[in-house]
Structures are given as C-alpha cells and as structure tokens.
Amino acid sequence: MAVNKLDISMMEDVGTSANQLLQRDGSGNIPAIDGSQLTGVDPGFTVSTSDPVVTTNPSGGVGSVWYNTTSGEGYVCTDATAG
Numbered sequence: 001m002a003v004n005k006l007d008i009s010m011m012e013d014v015g016t017s018a019n020q021l022l023q024r025d026g027s028g029n030i031p032a033i034d035g036s037q038l039t040g041v042d043p044g045f046t047v048s049t050s051d052p053v054v055t056t057n058p059s060g061g062v063g064s065v066w067y068n069t070t071s072g073e074g075y076v077c078t079d080a081t082a083g
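What follows is the structure in structure tokens.
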C-alpha cells in the first residue's frame with residue numbers, strides 16, 4: 001500500500017505550542033506565532049540608536065529602511081546619492 005497524500009488535520013499534535021506541527025487555516029494562512037526565536041533572518045532594514053545623516057548611503061539604495069531604536073522613528077531612503 002502506498003501513501004500518496006498526508007492530511008495534517010488527521011494528526012493529533014498540531015497547534016502553535018512547542019513541539020507541535022504548524023497547521024494552516026482554511027485560507028492557507030499560518031496562525032500568528034511568536035518569531036522571537038528565529039535566527040539567521042535578515043530583517044531587511046538598518047537598526048541604529050541614531051538617525052541617518054544626509055551622507056548615509058545604504059547599500060540597498062532607494063527603498064532602504066532605517067529604524068532608530070532610541071526615538072522609535074523610521075526612515076526610508078528616497079535618494080541614494082550621498083550629500
């Protein structure tokens with residue numbers, strides 16, 4: 001007998017707690033989970049305790065995001081020419 005398809009809803013250990021299989025909802029979305037333990041994920045933005053200055057030229061160019069953790073303000077690069 002060959003198994004062609006596995007239906008996760010038939011499994012007993014599904015949910016969002018530790019050591020459980022993550023189950024998508026009927027629309028294919030995953031439930032809200034805590035991502036604080038994820039490693040190796042590039043957030044795609046710069047985190048700093050200061051604001052960017054006019055000579056800051058991020059490697060990502062236009063659209064790069066800079067987040068100031070001290071003030072809570074965020075900045076988006078709209079012109080990647082320094083100065």
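Heads up: the sequence shown begins at 1 in full-length UniProt numbering, then just goes up one per residue. Backbone N, C-alpha and C define an ideal beta-carbon position, used for all residues, glycine too. Remember, predicted model here, so these are calculated numbers, not experimental data.
Exposed or buried, what is T27 when buried is set at 16 or more other beta-carbons lying within 10 Å of its beta-carbon? According to the sequence provided, residue 27 is Ser. The question's Thr does not apply to it. That one is exposed.
Nearest residue (CA-CA) to residue 86, options V76, S50 and G60: Absent from the model: residue 86. The displayed extent of the chain is 1 to 83, so no value can be given.
Using the Cβ count rule (16 or more neighbours within 10 Å means buried), how would you classify S64? buried
If you reduce the DSSP assignment to three classes, tell me which class L74 lands in. Reading off the sequence, residue 74 comes out as Gly, not Leu. Strand.
Measuring CB to CB, does L21 end up less than 8 Å from D13? yes
Euclidean distance between Cα positions of D79 and G15: 45 Å
Terminal residues of the continuous beta strand (DSSP E) containing N68? V65 to N68
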